[in-house]
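Shown next, in structure tokens, is the structure this report addresses.
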Amino acid sequence: MALKDHKELIATLATIVTIAQFLSGIEICRKIVKQGATGEISGFPFVVGVFSCSMWVTFTYLLGDMAMLITNSIGFMLQAIYLAIYLHYCISPGSWYSVRRQMVLLFSTSAAMLYYVFFTARDPELAETRVGLMCCFGSIIFSASPLFSVAEVFKTHCTECLPFPLILSTFIVTCLWWMYGLILKNGFVQYPNLIGFCLASFQLTLFLVFPSKRKGEKGIYINGKSGTVI
Numbered sequence: 750m751a752l753k754d755h756k757e758l759i760a761t762l763a764t765i766v767t768i769a770q771f772l773s774g775i776e777i778c779r780k781i782v783k784q785g786a787t788g789e790i791s792g793f794p795f796v797v798g799v800f801s802c803s804m805w806v807t808f809t810y811l812l813g814d815m816a817m818l819i820t821n822s823i824g825f826m827l828q829a830i831y832l833a834i835y836l837h838y839c840i841s842p843g844s845w846y847s848v849r850r851q852m853v854l855l856f857s858t859s860a861a862m863l864y865y866v867f868f869t870a871r872d873p874e875l876a877e878t879r880v881g882l883m884c885c886f887g888s889i890i891f892s893a894s895p896l897f898s899v900a901e902v903f904k905t906h907c908t909e910c911l912p913f914p915l916i917l918s919t920f921i922v923t924c925l926w927w928m929y930g931l932i933l934k935n936g937f938v939q940y941p942n943l944i945g946f947c948l949a950s951f952q953l954t955l956f957l958v959f960p961s962k963r964k965g966e967k968g969i970y971i972n973g974k975s976g977t978v979i
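Under our numbering, the residues of the sequence shown are numbered 750 to 979, in order.
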């Protein structure tokens, strides 16, 4: 049976698993709240998550695909909440400066693209193509965002700084949306998810090679209080 015969099933599964992926941020935020600070956790996945979802909401609105529109609308709201929590607990000057730069760059790009699409674009097909390219960019960066911590993994020989729930869910989600892209014959859906699938696969292999905690370490101390190792 052809893959297109399973379009509705794949779309439903992709939607459910994607929402589950967005919910994986709850565990990361729970650890941040428990520690009382962000520690070594990067805020970049949340920043790029807001950016990527905003671009996909715009693209799927132009495309008229309700499955992807609803999914990314939910994702946008959740990622915005996670980012707000991260900013609240970001007490390190270095981390705050870094995440602020990321927000200015990506959110300015998002605002400029939205202004172009809804106020200045005269060719709908050209606008859809340009937004699609930004979606590809955002999806690839979102899938690769945990790679910013890979240097730390090789330095410490452990994966404590990598968000396993996010990486595992990205692995599953990108596989499903890649298949959905094949059904739609839409390269903007196919290719970024295929690349994301490969990136997530690489990140998962790190959990097979390195332990999840540093040897002999039971906890970390933040502001004089004992915290849980992530």
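All C-beta atoms, glycine included, are put in the ideal place defined by N, C-alpha and C.
> Which ranges does the beta strand (DSSP E) cover as unbroken runs of at least 3 residues, wholly within the stretch 846-910, from first to last along the chain?
Replying inline: Whole beta strand (DSSP E) segments, 3+ residues: zero.
> Are the stretch 826-833 and the stretch 766-780 in contact at 8 Å, needing three or more beta carbon pairs?
Replying inline: Counting C-beta pairs closer than 8 Å gives three or more between the stretch 826-833 and the stretch 766-780, which meets the contact rule.
> Would a C-beta distance cut-off of 7 Å place M852 and V796 closer than the cut-off?
Replying inline: Counting from one through the sequence shown, the residue named residue 852 turns up at place 103. Counting from one through the sequence shown, the residue named residue 796 turns up at place 47. A contact, by the Cβ cut-off of 7 Å.
> What is the residue span of the alpha helix (DSSP H) that N821 lies within?
Replying inline: Here residue 821 refers to the residue found at position 72 when the sequence shown is read from its first residue. Counting along the chain, the unbroken alpha helix (DSSP H) around N821 starts and ends at M815 to Y838.
> Among residues of its own chain, excluding the 5 on either side of M883, which ones have a beta-carbon nearer than 6 Å to its beta-carbon?
Replying inline: Here the question's residue 883 lines up with position 134 in the sequence shown. Excluding residues up to 5 positions away in sequence, M804 and M862 lie with their Cβ nearer than 6 Å to the Cβ of M883 in the same chain.
> Buried or exposed: which applies to T761, given that a residue is buried once 16 or more other Cβ atoms fall within 10 Å of its Cβ?
Replying inline: In the sequence shown, residue 761 corresponds to position 12, counting from 1. So T761 ends up on the exposed side.
> Looking only at C-alpha atoms, which of L854, K780 and T809 sits nearest to C885?
Replying inline: For the purposes of this step, residue 885 is identified with residue 136 of the sequence shown, where counting begins at 1. Out of L854, K780 and T809, T809 has the C-alpha closest to the C-alpha of C885.
> How about V902 and L955: do their beta carbons lie closer than 7 Å?
Replying inline: If you number the sequence shown from 1, residue 902 lands on position 153. If you number the sequence shown from 1, residue 955 lands on position 206. The answer is yes: Cβ separation under 7 Å.
> Alpha carbon to alpha carbon, how far is G945 from P895?
Replying inline: Your numbering for residue 945 matches position 196 in the sequence shown. Your numbering for residue 895 matches position 146 in the sequence shown. Cα atoms of G945 and P895: separation of roughly 12 Å, rounded to the nearest angstrom.
> Do you know whose CA, among R850, F800, L855 and S888, lies nearest T919's CA?
Replying inline: Position 170 of the sequence shown, counted from the start, is the residue given in the question as residue 919. Closest by alpha carbon: S888.
>> Assuming the contact rule is C-beta atoms closer than 8 Å, T787 and G824 should be a hit. Round their C-beta distance to whole Å, please.
In response: The sequence position of residue 787 within the sequence shown is 38, counting from 1. The sequence position of residue 824 within the sequence shown is 75, counting from 1. Going by Cβ atoms, the distance from T787 to G824 rounds to 21 Å, so no, they are not a contact pair.
> According to the neighbour-count rule (16 or more other Cβ atoms, all chains shown, within 10 Å of its Cβ), is P941 buried or exposed?
Replying inline: Position 192 of the sequence shown, counted from the first residue, corresponds to residue 941. The residue in question, P941, is buried, as its Cβ has 16 or more Cβ neighbours within 10 Å.
> When DSSP labels each residue in this structure, what does P914 get in the three-state scheme?
Replying inline: Your numbering for residue 914 matches position 165 in the sequence shown. P914: helix per DSSP, three-state reduction.
> Just the Cα atoms here: how many angstroms apart are F868 and V880?
Replying inline: Reading the sequence shown from its first residue, position 119 is the one you call residue 868. Reading the sequence shown from its first residue, position 131 is the one you call residue 880. Cα to Cα, F868 sits roughly 14 Å from V880.
> Does the beta-carbon of M928 have 16 or more other beta-carbons within 10 angstroms, so that it is buried, or is it exposed?
Replying inline: Locating residue 928 in the sequence shown gives position 179, where the first residue counts as 1. The residue in question, M928, is buried, as its Cβ has 16 or more Cβ neighbours within 10 Å.
>> Taking 8 Å as the limit between beta carbons, can you name the residues of its chain near T908, skipping five residues before and five after?
In response: Within the sequence shown, the letter at position 159 stands for residue 908. Cβ within range, chain order: V902, L955, F956, F959, P960 and S961.
> Which residue from A876, I777 and K904 puts its Cα closest to that of V866?
Replying inline: Position 117 of the sequence shown, counted from the start, is the residue given in the question as residue 866. With respect to the C-alpha of V866, the residue from A876, I777 and K904 having the closest C-alpha is A876.
>> To the nearest angstrom, how far is the alpha carbon of K756 from that of R871?
In response: Along the sequence shown, one-based indexing puts residue 756 at 7. Along the sequence shown, one-based indexing puts residue 871 at 122. Their backbone Cα atoms lie some 32 Å apart in a straight line.
>> Can you list, in chain order, the residues of its chain with a C-beta nearer than 6 Å to that of A893? Leave out the 5 residues immediately preceding and following it.
In response: Translated into positions along the sequence shown, residue 893 becomes position 144. Excluding sequence neighbours, A893 sits near L948.
> In three-state DSSP terms, what is A760?
Replying inline: Within the sequence shown, the letter at position 11 stands for residue 760. Three-state DSSP puts A760 in a helix.
> Which first and last residues belong to the alpha helix (DSSP H) in which N942 is found?
Replying inline: As a working note, residue 942 is residue 193 in the sequence shown. Per DSSP, N942 belongs to the alpha helix (DSSP H) from G936 to V958.
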